[in-house]
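J.: In the working numbering, the protein residues as written are 5 to 165.
(1) So, residue 119 versus residue 90, is the Cβ gap smaller than 7 Å?
(2) If we count the other Cβ atoms within 10 Å of its Cβ and call it buried at 16 or more, is residue 145 buried or exposed?
(3) In chain order, what residues of the same chain lie with their CB nearer than 6 Å to the CB of residue 72, ignoring the 5 residues before and after it?
(4) What does the alpha-carbon distance come out to for the pair residue 121 and residue 59?
(5) With residue 127 and residue 115 assumed to form a contact (beta carbons below 8 Å), what rounded beta-carbon distance in angstroms separates them?
(6) Got a sec? Which residues, its chain only, sit under 7 Å from residue 150 by beta carbon, not counting five neighbours each side?
(7) Quick check on the DSSP output: what are the complete alpha helix (DSSP H) runs of length 4 or more inside the segment 56–116, in order along the chain?
(8) For residue 93, count neighbouring Cβ atoms within 10 angstroms of its own Cβ and tell me buried if that reaches 16, exposed if not.
(9) For residue 157, report the span of its alpha helix (DSSP H) as first-last.
(10) What does DSSP give as the partner residues of residue 129 in its beta bridges?
(11) What's the C-alpha gap between residue 79 and residue 137?
(12) Can you have a look at residue 109 and say buried or exposed, based on whether 16 or more other CB atoms are within 10 angstroms of its CB?
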């Protein structure tokens with residue numbers, strides 16, 4: 005059994021399609037079988053998926069099991085589209101060397117992903133298929149950007165640019 009199966013990390017072939025294709029193309033070369041029908045990460049990726057990345061993807065995947073009122077206070081469960089968007093972004097960032105340090109579900113059906121880079125740089129991304137994706141960049145006590153999710157801004161920030 006492939007390790008991804010034992011970790012329960014289902015994906016779709018279209019999950020391998022980069023949502024940031026122009027920015028990431030130069031960073032990655034990912035080969036996958038377009039004929040794959042499995043809903044699990046293909047064990048034959050040319051780029052290795054670290055155990056840490058697998059773990060974070062599994063955490064996102066587990067949010068699919070949340071039901072309405074999952075927190076006992078009326079929380080909305082994340083939609084399938086929200087989960088799919090978050091997984092794609094985390095995969096792309098993971099392949100680029102950035103693994104999130106925190107993943108969580110919010111009360112309005114959103115998923116939030118937090119990254120910490122060397123120094124005092126942090127980033128929080130909020131994914132919501134219904135309300136749009138948001139990005140908050142943090143550097144110490146400053147917030148250099150808060151607004152629409154822009155992958156290139158996130159990568160530049162994490163790289164210290």
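Ideal Cβ placement from N, Cα and C applies to all residues, glycine included. None of these values were measured; they are calculated from a predicted model.
T.: Inspection of the coordinates gives the following:
(1) Here residue 119 refers to the residue found at position 115 of the chain shown. Here residue 90 refers to the residue found at position 86 of the chain shown. Cβ distance not < 7 Å, so residue 119 and residue 90 don't count as in contact.
(2) Locating residue 145 in the chain shown gives position 141, counting from the first residue. Classification for residue 145: exposed.
(3) Here residue 72 is taken as the residue at index 68 of the chain shown, counted from 1. 81.
(4) For the purposes of this step, residue 121 is taken as the residue at position 117 of the chain shown. For the purposes of this step, residue 59 is taken as the residue at position 55 of the chain shown. Distance between the alpha carbons of residue 121 and residue 59: 19 Å.
(5) Looking up residue 127 in the chain shown gives position 123. Looking up residue 115 in the chain shown gives position 111. Contact between residue 127 and residue 115 is ruled out by a C-beta separation of about 14 Å, above the 8 Å threshold.
(6) Stepping through the chain shown from its first residue, residue 150 is reached at position 146. Contacts found: 140.
(7) 84–99
(8) In the chain shown, counting from the first residue as 1, residue 93 sits at position 89. Its Cβ being crowded by 16 or more others within 10 Å, residue 93 is buried.
(9) In the chain shown, counting from the first residue as 1, residue 157 sits at position 153. It spans 155–162 - the alpha helix (DSSP H) in which residue 157 sits, taken as one unbroken run.
(10) Against the chain shown, residue 129 aligns to sequence position 125. Answer by DSSP bridge pairing, in chain order: 117, 139.
(11) Indexing the chain shown from 1 puts residue 79 at position 75. Indexing the chain shown from 1 puts residue 137 at position 133. Each residue's Cα considered, the two are about 18 Å apart.
(12) Taking the first residue of the chain shown as position 1, residue 109 is located at position 105. Buried.
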